[in-house]
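First comes the structure, then the notes that go with it.
Protein chains in written order, with the numbering used here: chain A, 1 to 382; chain B, 1 to 382; chain C, 1 to 401; chain D, 1 to 401.
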């Protein structure tokens, strides 16, 4: 019998541009980010390859979701997704995630001057990041305790930020603070950072570069504040954009973990049989596959809604579903990838752990699946 | 390495008497309740074999948990458990569950006169039952809306009861009501039931005989009220006793479903192999086994605590754990039992459905596992 | 054939209006949810009438050739009808084996005479079709069919038995896989495929009682039953290829179906509605945080399956691990329905213990029945376990188990 | 030997008092949770000192013969010590391979000379023992050992490699399974069992880095390494029987261990405590209904496993499906720990993304480490998948896969 959803009212929009970008990005990441390279970068302080970053910039990838008037391609975040997915699959290390998100924040809430100053630079490869998280660990980005106090005609920042990605390499950091008791965002340039303001964090995903940022002692002028009235909307937008990008990275990562698992199941023999012939391994691997399929369908649906109407409940629901779906599927898949590698899986040398760590990272940044489901319940079960 | 719990501070008490009773009951049920007999009784209105019931009575099984002074053996409900488990395994149909529970209610809250009148009879085979459930379906037995109103020196009952088991065969029914706004319990004798007060319910487990009871029109004298001040404690006791008995019945049932599954896996061939050699069937069958083991350990632990100190939190927690554990394990096991029988499993003729129905019955009587876990959270995570 | 977009939109309006006006009312008894559940005469007659009505309105077989009773229109018209029907949870098309499996097969490889003889009555539900594939001793192993068809003159003599034969008790024809040669190298050879009249002598139909207590499946016995040789479909001995083709239609891997659905799927929306009305512990079930979490999981899963279907149509997003999205439809959907059914029952608390026939059973007991009937999909048409083998081997390239 | 109940109670008091007074303080660094995790020198020295202290207090090997350094007391005394140690989540005994596997084996079938040579230093942790069973190409298939031991004069010459060798980097001896004859009918024949000194020439130890980034396992290479012939345990060619016996001790299926545990299990109580301190969305995690439900599930499971152990001792309640309770211990416990670890991490929300070494990681990152290290138990000593085969075949009598 046919169970295929003839009834589906949902459509996934996917353009020619996206298809081409996806193909290019897949090839780029496969070639430029082999696993040996990933491992080599892990041990380096900087954690990414500057020449590849320049290549990415020259390919225009940092501006896909920026308006043409600021040097971008005028496409949407849906196009950034087709780049993030292959990056995730090859564990490609770069400040793409943070720089793209910072640009989104500027586009949403930057003043005209700020946009003119920063966006074209970012499109050309200037690294930017965001400092949105705090010691309390709440995923709600509007739960802000850091402050910007007005002193001597300028701003004095107080507080501490966590999980500031790629901060050491960034030319500027967008820092969320309370200003006049309302959420605000300050542009802090690299030169304004006191020594020791940044300290590297030890995080579970060794391909990531994460820092804590002590704000005390940092000053900025009032022109570095982003537009106050747009802040709530912008924080919500950046939250959803981050979720969408993480979902893409995780879908890609799961695909990589699946490849690794299948390859091992097809080469390793035990008790005179390829271990892939054992249903105890084969069937959960099929579950990995169907989990990947489902997460990927959610992802591209969310991407196609996101471009159009990011504020609406529908888009928010789709994006949260994509995150919850990808993180559960990737958690399961990367866990089984270790288990099915047997003793090898227990070693640092085996790549399974790289995917497991990436899955944990993606799960715990910007809300895990239970947290998103609780938000979804509020939207869907009103 | 040794992972076995040398550290276990928990002990399971199990007496010689229990061991002997268990052996006798296992043999009795195996011989007297073969599956053909179970099926034959399902189609009969009465639903059980009176001569076997008399045999049970003469074996003293109806009085194991009743004091010797009222004709019982002076043992505890822990001894009734070793009877209920084999009954569950063979789907043995009888009013054992209700009659045992009714006796527990009388022992806890009956007046001396009531106990003297009814307990010896029950030990000798008089069938008794309880009417505790109401149309609202709440598992909390103190949520009572039926009423006993005082009229002309007597009581007039108002309301409706549901899931009154074996009511048609019972000589008396213990009906929970509100009396003077407090929980109370009235003994209603068979003769006092108006015609059409009882109507048979169609329930998912076809081996059970369940009735709705219209109270309107039933009268009783004031001496038929059980002791008011003991009522809250007695309802709680009966609730836990019911849970414990159901857990035993379900552990037994799961054992039966496991037997059936293993037998099929060892005889049925597909693609030239015994289907039990496929890990897709073998491994979940092992999960059935470990689920059974775990539920059974909870059961006998709960039984050994129950006898001693039924009011304490520890005993309550143990009993609720036994129910939650048994119903989840039996739900899983009986579901897989159907699935693994393939096309055969889909037929009425295959016994797998009998166990699935029994599992559903046990799950939804006196609280499902999620409900018990919520209660356990209140006890354990204070 | 080019299709005018405006014409399609106009047509969609017309279709909506027709179904708004003609959707069947509650018949006063529990209708089956799938073609495998048609157990009583009144259910059957109700459903047959409904199919005939839809056909006569011109909404079935719209893309089939006019010559044989079809509508001769482009497929998008039928797609619109199908979508509107599915949206409304209308009763399914009872002759779905004819509409979706036998019909497309006959149109695809039947003779002119066969097309003229069978197609129109498939659409009108005048002739109900059933399928004789499974046999008692090897339910999952179709190619191992042992029912013998022995050529004698211009007839084949049939001996053996088929099982799980949905609708056989009301069917006029059966698509039948039988063994014409048992001396072959592999089990795939020596099979032949027939369009068999069910009124042939020596055919006996024994209804099989389902675990729900109802009927709907049958075992069919053949004792020296003669079939005219022109009932053969394709060449003698090449029945396996025809069967595989039929399975393609059955699984939706190949198009050409007349339209309509084979089942009314339970949607999570219905379960959400149930959760709003039933109470657990005195409070509406939907207020329970744990239940809300589970409802969201089901909503995500349901949406994910629909989106899988949408993604399957976008080549650049379906080219990796090809086949995966289509091959997993049956596995995912059937297991989803099984779990959803169990969950829906759990919402009802104590009253979940009622059964069909009791006035207190929620929705006439459809949830209890649904829980049991869900196994027809996780077992029938290749068990979930076998589906996983197939996907693991064909999509992921894992070795045979 | 009859044991006086009062004496035991008196002894228990004394033991409690001793451990109250002597339990090691927080060393200021993260201790390993099992003997498979000993990665640094400071961890090793801390643990070795602790074992020596317990031994010198008379609380280890209490039931082993006095002649070889044991306490010569009845087993119940040691049981009391074990219980008190487990209750307190004290550090485990680092020489557990000696205490629980090699030691009992030597006492059971060793020569008088072997007993005199090895037992006391096992107890005092003077001589650390390791085990050479697994080999690189067949981790799950122990009997397929290919490491060659060739008799030459009064020596055996060893060539080959062992892997996953816990503690090899600090061990003085290895219990070793090697092949003395490769021309046998079955793989079970031709194996021999040795008590091998790790300082023999030609032995090289390569540490294996674990997925946590730490060390603790090794690969051990043998290149023409000579072993004196009296290192042989049992008869030449009958090593498989000795290995099976060792596995009995390892799996606790046979008693005689010196005491102490091999790991500090994470208890659900610790996770409940964590749930009280960490917040999700601004509220203590323990207030979340969904988290409460999961905590109760874990508490039930933990209790169930302990109760399985209690029930296993009651014959009438363990005679059906015999072996089931004992054979499933490793499977249940290891999978439980794996799931519990993942759940504990999830309670920490965003901060779960920190790792060992970061000052913000809860409890120095023990939860992150625990999540990864849990695989040593679901993989090592026979994967969970293999455990299920074994249980299915031996307990349920299902056919081989």
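Glycine included, C-beta positions come from ideal geometry on N, C-alpha and C.
- Residue 240 of chain D carries a helical assignment under DSSP once its states are collapsed to helix, strand and coil.
- At a C-beta separation below 9 Å, residue 138 of chain C has no neighbours in chain D, since its nearest C-beta there lies roughly 18 Å away.
- In the displayed model, residue 273 of chain A falls within a strand according to three-state DSSP.
- Assignment of residue 97 of chain D by DSSP, reduced to helix, strand and coil, places it in the helix class.
- Per DSSP, reduced to three states, the secondary structure at residue 175 of chain B is strand.
- Cα atoms of residue 235 of chain D and residue 94 of chain D: separation of roughly 30 Å, rounded to the nearest angstrom.
- For the C-beta of residue 279 of chain A, the chain C residues within less than 8 Å are, from N- to C-terminus, 385, 388, 389 and 401.
- Residue 178 of chain B and residue 225 of chain B have their alpha carbons spaced roughly 11 Å apart.
- For chain A, the residues of the stretch 308-323 of chain C that bring a beta carbon within less than 9 Å of one of its beta carbons are 308, 309, 310, 311, 312, 313, 314, 315, 316, 317, 320 and 321, in chain order.
- DSSP places residue 211 of chain A in the strand class (E or B) of the three-state scheme.
- For residue 218 of chain A, no alpha helix (DSSP H) segment is defined, and its DSSP state is neither H nor E.
- Along the stretch 143-177 of chain C, the positions whose C-beta sits under 8 Å from a C-beta of chain B are 163 and 164, read in chain order.
- Under a 10 Å Cβ-count criterion, residue 3 of chain D is classified as exposed, with fewer than 16 other Cβ atoms of the shown protein chains found around its own Cβ.
- Closest option to residue 131 of chain B, judged by alpha-carbon separation, among B:326, B:120 and B:144: B:144.
- Using a Cβ distance threshold of 8 Å, residue 238 of chain A and residue 104 of chain A count as a contacting pair.
- Counting C-beta pairs closer than 8 Å gives three or more between the stretch 73-83 of chain C and the stretch 9-23 of chain C, which meets the contact rule.
- When C-beta atoms of the stretch 245-260 of chain C are compared with those of the stretch 98-112 of chain C, three or more pairs fall below 8 Å, so the two segments count as touching.
- Rounded to whole angstroms, the gap between the alpha carbons of residue 171 of chain A and residue 315 of chain C is 40 Å.
- In its chain, beyond the 5 residues on either side, 12 have a beta carbon closer than 6 Å to the beta carbon of residue 300 of chain A.
- Secondary structure note for residue 337 of chain A: its alpha helix (DSSP H) is the uninterrupted segment 313-340.
- Residue 29 of chain B sits buried, since 16 or more C-beta atoms from the chains shown fall within 10 Å of its C-beta.
- Under DSSP, residue 347 of chain B shares a beta bridge with C:210.
- Chain-order list of chain C residues neighbouring residue 293 of chain D: 290, by C-beta distance under 7 Å.
- C-alpha of residue 315 of chain A to C-alpha of residue 322 of chain A: approximately 10 Å in a straight line.
- Near chain D, meaning a CB-to-CB distance below 8 Å, no residue of the stretch 226-254 of chain A qualifies.
- Residue contact check for residue 139 of chain A against chain C: no CB pair falls below 8 Å.
- Short of 6 Å from the beta carbon of residue 308 of chain D, and not among the five residues preceding or following it, lie these beta carbons of its own chain, in chain order: 325.
- Residue environment: residue 346 of chain D is assigned as buried (16 or more neighbouring CB atoms within 10 Å of its CB, all protein chains considered).
- Our two residues, residue 301 of chain D and residue 50 of chain C, have alpha carbons roughly 53 Å apart in a direct line.
- 8 Å or more divides the Cβ of residue 69 of chain D from the Cβ of residue 63 of chain D.
- Contact between the stretch 250-258 of chain B and the stretch 243-256 of chain A is absent: fewer than 3 CB-CB pairs across the two stretches fall below 8 Å.
- In chain B, no part has a C-beta under 8 Å from the C-beta of residue 187 of chain C; the shortest such distance is about 10 Å.
- Cα atoms of residue 265 of chain C and residue 337 of chain C: separation of roughly 8 Å, rounded to the nearest angstrom.
- Residues 274, 275, 276, 281, 282, 285 and 340 of the same chain have their beta carbon placed closer than 8 Å to that of residue 265 of chain A, with the five preceding and five following residues left out of the count.
- Using a Cβ-Cβ cut-off of 8 Å, residue 118 of chain B does not count as an interface residue toward chain C, since no Cβ of chain C sits closer than that to its own.
- Among the CB atoms of chain B, none fall inside 8 Å of the CB of residue 341 of chain D.
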